[in-house]
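Engineer: This note's numbering puts the sequence shown at residues 4 to 545. This is the structure I have questions about; it appears just below.
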Amino acid sequence: MKIKKYLYVLTVGLVVLLPLSCQKGFLDQRDTANGTEQAYFDKPADGIALVNAIYDTYQNADLLKKSLWYYANFQTHDFFNWGNDRFYNTYSIPATFGAIQVFWQRAYIGIARANSALPIIAKMKDNGILTEALANRLTGEIYFLRGMTYYYLASSFGGVPLELTTGANDGLKPRSSQDEVFAQVESDLKLAVDLLPWKEQYEAGDLGRATKGAALGYLGAAQMWLKKYTEALASYNQLDGKYTLLPKFIDVHEADKENNDESIFEVQFIPAGTQSWGAGNEVAWIGSFGMPEEVSNFGYDYANKGLYDGFQAGDLRKIATVIGPGDENPSPGIIAKGGIKSYPLVIAGFNRKDNNGNPNPDPKYVGADGKIINTCGTVARPWIGSDATQLRSGYYNEKMWRDPTLTGNSGDGIIFGAQNQILLRFGEVLLSKAECQIRTGDVAGGLATLKLVRDRAFGGSAPATFISEGKTITDPLQMIYHEYRHELSGEYSTFYNLRRAGVATSFIQEVYNIAIPTGRELYPVPQYEIGLNPNLTQNPGY
Numbered sequence: 004m005k006i007k008k009y010l011y012v013l014t015v016g017l018v019v020l021l022p023l024s025c026q027k028g029f030l031d032q033r034d035t036a037n038g039t040e041q042a043y044f045d046k047p048a049d050g051i052a053l054v055n056a057i058y059d060t061y062q063n064a065d066l067l068k069k070s071l072w073y074y075a076n077f078q079t080h081d082f083f084n085w086g087n088d089r090f091y092n093t094y095s096i097p098a099t100f101g102a103i104q105v106f107w108q109r110a111y112i113g114i115a116r117a118n119s120a121l122p123i124i125a126k127m128k129d130n131g132i133l134t135e136a137l138a139n140r141l142t143g144e145i146y147f148l149r150g151m152t153y154y155y156l157a158s159s160f161g162g163v164p165l166e167l168t169t170g171a172n173d174g175l176k177p178r179s180s181q182d183e184v185f186a187q188v189e190s191d192l193k194l195a196v197d198l199l200p201w202k203e204q205y206e207a208g209d210l211g212r213a214t215k216g217a218a219l220g221y222l223g224a225a226q227m228w229l230k231k232y233t234e235a236l237a238s239y240n241q242l243d244g245k246y247t248l249l250p251k252f253i254d255v256h257e258a259d260k261e262n263n264d265e266s267i268f269e270v271q272f273i274p275a276g277t278q279s280w281g282a283g284n285e286v287a288w289i290g291s292f293g294m295p296e297e298v299s300n301f302g303y304d305y306a307n308k309g310l311y312d313g314f315q316a317g318d319l320r321k322i323a324t325v326i327g328p329g330d331e332n333p334s335p336g337i338i339a340k341g342g343i344k345s346y347p348l349v350i351a352g353f354n355r356k357d358n359n360g361n362p363n364p365d366p367k368y369v370g371a372d373g374k375i376i377n378t379c380g381t382v383a384r385p386w387i388g389s390d391a392t393q394l395r396s397g398y399y400n401e402k403m404w405r406d407p408t409l410t411g412n413s414g415d416g417i418i419f420g421a422q423n424q425i426l427l428r429f430g431e432v433l434l435s436k437a438e439c440q441i442r443t444g445d446v447a448g449g450l451a452t453l454k455l456v457r458d459r460a461f462g463g464s465a466p467a468t469f470i471s472e473g474k475t476i477t478d479p480l481q482m483i484y485h486e487y488r489h490e491l492s493g494e495y496s497t498f499y500n501l502r503r504a505g506v507a508t509s510f511i512q513e514v515y516n517i518a519i520p521t522g523r524e525l526y527p528v529p530q531y532e533i534g535l536n537p538n539l540t541q542n543p544g545y
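Structural data, given as structure tokens:
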């Protein structure tokens, strides 16, 4: 039986409401695997639970980190993989890579849930079970989640099959073109914009749901993929006054500042009360796996020193994005914890004794002052890991090193964290808006919008001269491309924005003198899916 056919035939029973995860606040679910539509959709809470299940698509670390984050950051070569996924370092991603299979399958499960939910919500509205206001909001959430899911599929794979109904096909559709998929994204998100409330119109218990602002943000991005820059600009303009840049860039990703005034859409997580693998929890290893091996026993991703060196002098985003030898962790939460010197591995290494019981500290845990180290290694002894076959750079992603509860595979073994993951924020929207302004002839307006982002980056007023990679940049669009990198590296967007702008390969060539092999800007279509669907074709270059 083909998997897509399976998903669509059994959507109500086995796909729509499987309780797959622990979620924050509004995302409660219950097991309806053995139920029927008539038995379970007879009160408002049932319709809400139906839609809540769609959010679960993204509460998965393989999808978020190993698919979206890897693509956004490994493809730029601003970060590298250490571990089983080193093929990213040479653009040699295999079509059998498990994470992109998880991405594809979870995406289409989410789409199947959305397609199934639309007629059920409509029927509940017609039957008077849902008020018009609630039914409209839930329908808006469905269109948003389906549109956003197709957004990431098309951004990552190019054209993909468009499944828009339930029970009416066999799941063997061929790929639509990339533009056709983004046209559908645009359509879904326009419907969502008309139906969803603004963030401030939700009750506190619904914080984290899709909003009109989130729909407008992704709508503008989809319109940019379609080169509809005037329309995208109009979408982005509606966010003015609804969101704001946080005064301090360091605060954007702090663990205690989730769902802040800059955040437009973020995936919600809550602690699951267990640190066991395979325990059904959906807290994630997204943070701990990128912390240095010397702190966490992991260090599965690390930064390119070129990213660290490429920031303009005085740019406060540098230390809030990537830290290296001799740098203290600037996170207020980590500082309050006691800093790097408070981690169990650091303490144990510094307090190590020889066989006679005499002090014999591990040199990598001794700071430049001879005391217990409180920096990410030292210039003399950078934290490059212990595997001689692939030494790390000594530079690490500060944006993900923010949860003070995590110890990794040390101490109490706190590997899994519950920090939300921001997929879209106002800083990115302003840069995209500036690109639209420049592309539609309003260069002065675009530079003024860009200045808002750069002023925050420099703590008040950005230098008049734009410097990146040690070079003066004067072309307005090039400024935008470099700002995508300096503002968003270590998050979920950089390579997506460069590919959308049509400059990904040339930009990486300019910055790192690395040529992306032809066709490798895209992910390969998972080989497993091609085996299931003979109408699927592989991306050129794989």
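All residues carry an ideal CB built from backbone N, CA and C; glycine is no exception.
1) Kindly provide the ranges of any beta strand (DSSP E) runs that are 3 or more residues long and lie completely inside the segment 43-119, ordered along the chain.
2) Could you work out which residue in Thr497, Gly463, Gly462 and Leu427 is closest to Tyr239 when comparing CA atoms only?
3) With a threshold of 7 Å on Cβ separation, who are the neighbours of Met127 within its own chain once the five nearest residues in sequence on each side are excluded?
4) Who does Thr475 pair with in a DSSP beta bridge?
5) Could you tell me whether the segment 347-354 touches the segment 254-268, using the rule of 3 or more Cβ pairs below 8 Å?
6) Tell me the DSSP secondary structure of Val286 in three-state form.
7) With a threshold of 16 other CB atoms inside 10 Å of the CB of Phe100, please say whether the residue is buried or exposed.
8) Helix, strand or coil: how does DSSP classify Gln278 here?
9) Let me confirm a value: Lys68 is counted as buried when at least 16 other C-beta atoms fall within 10 Å, else exposed. Which label applies?
10) Decide if Phe90 is buried, meaning its Cβ has at least 16 other Cβ atoms within 10 Å, or exposed.
11) For a test of the three-state rule: what should DSSP assign to Lys356, helix, strand or coil?
12) Is the CB-CB distance between Tyr221 and Tyr154 below 8 Å?
13) Give me, in chain order, the residues of the same chain whose beta-carbon lies closer than 7 Å to that of Ser95; leave out the 5 immediate sequence neighbours on both sides.
14) Using 8 Å as the threshold, is the C-beta distance between Phe272 and Gln422 below it?
15) Let's test the definition: count the other Cβ atoms within 10 Å of the Cβ of Pro527 and tell me whether it reaches 16, buried, or not, exposed.
16) Have a look at the DSSP bridge pairing and note the partners of Pro362.
17) Per DSSP, which residues does Arg428 bridge with? Please list them.
18) Measuring alpha carbon to alpha carbon, tell me which residue in Ser158, Ser159, Ala120 and Leu156 is nearest Arg561.
19) So what's Val325 in DSSP terms, helix, strand or just coil?
20) Nearest chain C C-beta to Lys260 closer than 8 Å, yes or no?
21) Could you pull out every residue in the same chain whose Cβ sits closer than 8 Å to the Cβ of Val432, ignoring the five residues on either side in sequence?
22) State the start and end residues of the unbroken beta strand (DSSP E) segment that holds Asp304.
23) Give every residue of the same chain whose Cβ lies closer than 8 Å to the Cβ of Gln26, excluding the five residues on either side of it in the sequence, and list them in chain order.
24) Got a sec? Which residues, its chain only, sit under 6 Å from Gly38 by beta carbon, not counting five neighbours each side?
25) Could you check the C-alpha separation between Asn538 and Gln104 for me, to the nearest Å?
26) Given that a residue counts as buried once 16 or more other Cβ atoms are within 10 Å of its Cβ, and exposed if not, what is Ala391?
27) So, for Asp129: in the same chain, excluding its five sequence neighbours on each side, which residues have a beta-carbon less than 6 Å away from its beta-carbon?
28) DSSP three-state call for Gly420: helix, strand or coil?
29) Among residues of its own chain, excluding the 5 on either side of Phe185, which ones have a beta-carbon nearer than 6 Å to its beta-carbon?
30) Measure the C-alpha to C-alpha separation of Asn358 and Tyr545 and round it to an integer number of angstroms.
31) Just to check my reading of the structure: Gln187 and Gly161 have Cβ atoms closer than 8 Å, yes? What is that Cβ distance to the nearest angstrom?
32) What does the alpha-carbon distance come out to for the pair Asp34 and Ile124?
33) Between Tyr515 and the rest of its own chain, which residues show a CB-CB distance below 8 Å, the 5 nearest in sequence each way excluded?
Structural biologist: Judging by the given coordinates:
1) 82-84
2) Taking the sequence shown and counting its residues from 1, the one referred to as residue 239 is at position 236. Comparing Cα positions, the closest option is Leu427.
3) Translated into positions along the sequence shown, residue 127 becomes position 124. Closer than 7 Å at the Cβ level, and outside the excluded window around Met127, lie Phe44, Gly50, Leu133 and Ala138.
4) Looking up residue 475 in the sequence shown gives position 472. Bridge partners of Thr475: Ile470.
5) no
6) For the purposes of this step, residue 286 is taken as the residue at position 283 of the sequence shown. It is coil, neither helix nor strand.
7) Working through the sequence shown from its first residue, we reach residue 100 at position 97. Buried.
8) Reading the sequence shown from its first residue, position 275 is the one you call residue 278. The answer is coil: DSSP assigns Gln278 none of H, G, I, E or B.
9) Within the sequence shown, residue 68 is the residue found at index 65, counting from 1. It is buried - the Cβ of Lys68 has at least 16 other Cβ atoms within 10 Å.
10) Against the sequence shown, residue 90 aligns to sequence position 87. Exposed: under 16 other Cβ atoms inside 10 Å.
11) On the sequence shown, residue 356 is found 353 positions in, with the first residue counted as 1. Of the three classes helix, strand and coil, the one that applies to Lys356 here is strand, per DSSP.
12) Residue mapping note: residue 221 aligns to position 218 of the sequence shown, counting from 1. Residue mapping note: residue 154 aligns to position 151 of the sequence shown, counting from 1. Cβ distance < 8 Å, so Tyr221 and Tyr154 count as in contact.
13) Here the question's residue 95 lines up with position 92 in the sequence shown. If we look at Ser95 and ignore the five residues flanking it on each side, it has no Cβ neighbours.
14) Residue mapping note: residue 272 aligns to position 269 of the sequence shown, counting from 1. Residue mapping note: residue 422 aligns to position 419 of the sequence shown, counting from 1. Result yes, Cβ atoms of Phe272 and Gln422 sit closer than 8 Å.
15) Here residue 527 is taken as the residue at index 524 of the sequence shown, counted from 1. Buried, by the Cβ-count rule.
16) Position 359 of the sequence shown, counted from the first residue, corresponds to residue 362. Beta-bridge pairing links Pro362 to Lys356.
17) Within the sequence shown, the letter at position 425 stands for residue 428. In DSSP, Arg428 forms a bridge with Ser266.
18) Residue 561 lies beyond the stretch modelled for the chain, which goes from 4 to 545, so this question has no answer here.
19) By 1-based counting over the sequence shown, the position of residue 325 is 322. If DSSP states are grouped into helix, strand and coil, Val325 belongs with the strands.
20) Of the protein chains in the structure, only one exists, and it is not chain C.
21) To locate residue 432, count along the sequence shown from 1; it is residue 429. So the list reads Gly220, Gly223, Tyr239, Leu242, Tyr246 and Ile267, once near-sequence residues are dropped.
22) Sequence index remark: in the sequence shown, residue 304 carries index 301 (1-based). That run of the beta strand (DSSP E) goes Asp304 to Ala306.
23) On the sequence shown, residue 26 is found 23 positions in, with the first residue counted as 1. Here Gln26 scores only 43 on pLDDT, less than 50, and its place in the model should not be relied on; the value that follows carries that caveat. So the list reads Gln32, Asn55, Tyr58, Asp59, Gln62, Gln271, Phe272, Ile273 and Glu285, once near-sequence residues are dropped.
24) As a position in the sequence shown, residue 38 is number 35, starting the count at 1. Because Gly38 carries a pLDDT of 43, less than 50, the predicted location of this residue cannot be relied on, and no value is offered for it.
25) Here residue 538 is taken as the residue at index 535 of the sequence shown, counted from 1. Here residue 104 is taken as the residue at index 101 of the sequence shown, counted from 1. Asn538 and Gln104: Cα-Cα distance of roughly 17 Å.
26) If you number the sequence shown from 1, residue 391 lands on position 388. That one is exposed.
27) Counted from its first residue, the sequence shown places residue 129 at position 126. Nothing meets the Cβ criterion.
28) Residue 420 sits at position 417 when you count from the first residue of the sequence shown. DSSP places Gly420 in strand when its eight states are reduced to three.
29) Reading the sequence shown from its first residue, position 182 is the one you call residue 185. Cβ neighbours of Phe185 beyond the five flanking positions: Ala157, Ala225, Trp228 and Leu229.
30) For the purposes of this step, residue 358 is taken as residue 355 along the sequence shown, with counting starting at 1. For the purposes of this step, residue 545 is taken as residue 542 along the sequence shown, with counting starting at 1. Between Asn358 and Tyr545, the C-alpha separation is close to 55 Å.
31) As a first step, residue 187 must be located in the sequence shown, where it is residue number 184. As a first step, residue 161 must be located in the sequence shown, where it is residue number 158. In fact, because the Cβ distance is near 14 Å, the residues do not count as touching under 8 Å.
32) Reading the sequence shown from its first residue, position 31 is the one you call residue 34. Reading the sequence shown from its first residue, position 121 is the one you call residue 124. Model confidence at Asp34 stands at a pLDDT of 44, short of 50, so the residue's coordinates are unreliable; what they give is reported in the following sentence. Rounded to whole angstroms, Asp34 to Ile124 spans 19 Å at the Cα level.
33) Translated into the one-based positions of the sequence shown, residue 515 becomes position 512. Same-chain partners within the cutoff: His80, Asn307 and Gly309.
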